[in-house]
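Down below is the structure, laid out as structure tokens.
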Amino acid sequence: MLLCMPKRTPTAHTAEVASAFASWLRQRREGAGMTQEDLAHRAGLSRNQVQNLENNRNNNATGRSSANPSLDTLLALEAAFGLSLGDLLVEVREFMDSAGR
């Protein structure tokens, strides 16, 4: 018997983290002197994907929220910024803490 899990809906905390991630990404990219196109090229993403991540938009093709990026996307961003995945997540958490979120 196959059980179907109910589709999870974002909680208030998820939305808060999503918003912080989007803001952090834009600030990190701009701080590195990169355009969205530059980051997309370095990460192997499309400029549209970067734009959606920064604007916290849904990906219509996958239905996945841009603020809930796939592991592949996170790994692409870590490589583009020269960070480990752990450091990337720590930076996002520190960004949230400094913004009082």
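Throughout the sequence shown, residue numbering follows the numbering used here, covering 2 to 102 in sequence. Note that beta-carbon positions come from the ideal geometry of N, C-alpha and C, so glycine has one too.
(request) Return helix, strand or coil for THR12, following the three-state DSSP convention. (result) coil
(message) Under 7 angstroms, Cβ to Cβ, is there at least one residue of chain D near THR74?
(response) Chain labels in this structure do not include chain D; a single protein chain is all it has.
(request) Kindly give me the distance between the Cβ atoms of LEU16 and MET97, rounded to whole angstroms, as I take these residues to be in contact under 8 angstroms. (result) Reading off the sequence shown, one finds Ala at residue 16, where the question assumed Leu. Rounded, the Cβ-Cβ distance is 12 angstroms, inconsistent with contact.
(message) Applying the 10 Å Cβ sphere with the 16-neighbour rule, what's the burial state of ALA13?
(response) exposed
(request) List the endpoints of the continuous alpha helix (DSSP H) containing ALA81. (result) 72–82
(message) Assuming the contact rule is C-beta atoms closer than 8 angstroms, LEU26 and LEU72 should be a hit. Round their C-beta distance to whole Å, please.
(response) With a Cβ gap of about 16 angstroms, LEU26 and LEU72 do not count as contacting.
(message) Would VAL51 and GLN37 be called neighbours here (beta carbons separated by less than 7 angstroms)?
(response) yes
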